[in-house]
Structure formats: C-alpha cells, structure tokens
Amino acid sequence: MVLDKSISLRLPSPNLDKLKAAAKIEGLNLNALVNQILAGYLQWDMTASKAGWVVVLAEVIKKLMNELDEKTLYKIAVATADSTKDVRLMMTGDDTIDGFFSILRNRLRKSGISYMESSEKGMIKFIIHHNMGKKWSFFYKVQHERMLQNLGRPATLDFTESTLIINVKIK
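The number in the working numbering is simply the position in the sequence shown, starting from 1, with 23 added.
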C-alpha cells in the first residue's frame, strides 16, 4: 500500500497517551498503530453493525449452543448461511469468494479468535481455533459449508471440539 497522504489530527491528551502506550506495547510506531485502527474501522466497524453484527460474550454463545440439539443447530446454521449474501454485499460491495474471505478474516480478528491461513495448489486453508466447544464447531462447519456452497465453491470442512478446518478450492 502506498502511503501518499498526510493529515493532522487534534486528539484529547488522555487519548493520545493511551495510543502511544498501546503502540509501545504492540512494538509499533504511533503512525502504524493509527493506520491499523483506521483500517479496522474501514474494513469492519463502519459497516458491521449496519449489516447486523452484534457483540456477544463468548460464554453466552457457549451456553446457548449447549441448550440446542444438533437438528436445531443445523437448521439455524443453514438459515443464517442463506442470509449472508446481503451481509457480504453490505460489507464488501460484492457477493464473491473474496467478500467471504474478507469478512471471515476481519470477523476472526475482531473476535480475537486465533486462526492460520495458508495457500497452496489452488486451495486456501483456514484453521480456526475458537475454544467454543463441539456444538459451536458443528454449527460453524454447517454454516460455512452452506455459505461456500451458495457461492459455488468446492470446499471440504472438518472440525474438532475447538477447531474448524476449511479447505476451499480457489482455481
């Protein structure tokens, strides 16, 4: 990315002090941290709530999942996956695999969920470590499988108690 514009901002001193401290902790200069914050806003915060995303404690989701049977989880996963086209359009401007990956990456980062991404031999692989339990893994698998089917993308998905693995053919 070419950085070719410069601006000045007026910030309250306490906010500037917090930003400087956060930059130091992250091992970044202040400019790099502010660029990360602005990119996060543009890629997620600006549109997420308008597209229907809400912040919920992980423990609430875990408890809700544990109260539901697999059949109900399956129905909810399919129904919510089928409604994600509008979310992709609202947040990325297109209903493509790139929009899917953009939202996936940003949602994982914003949620603090660990993941690894790799590409090789025409496949993109995500290993998502969520620590939300087996029912969440099942729900997540069904939901993402359906979203990828709706996008016409061949994919294989697998899960464990705390991890979802997504392999998507990109070529």
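Yeah, the Cβ is synthetic: ideal placement off N, Cα and C, and Gly gets one too.
Here LYS43 is near LEU53, since their CB atoms are less than 8 Å apart. Across the structure, ASP181 and LEU187 are spaced so that their CA atoms are roughly 6 Å apart. Cβ atoms of TRP67 and LYS108 stay farther apart than 8 Å, at about 18 Å. Nearest to HIS167 by C-alpha distance, out of GLY156, GLU143, MET139, SER106, is SER106. The continuous stretches of alpha helix (DSSP H) do not include TYR138, which lies in the beta strand (DSSP E) extending over residues 137 to 143.
When the alpha-carbon of LYS192 is set against those of ALA178, THR183, GLU184, the nearest one is in ALA178. If you compare the alpha carbons of ASN38, SER185, LEU32, PHE162 with that of VAL101, the shortest gap goes to PHE162.
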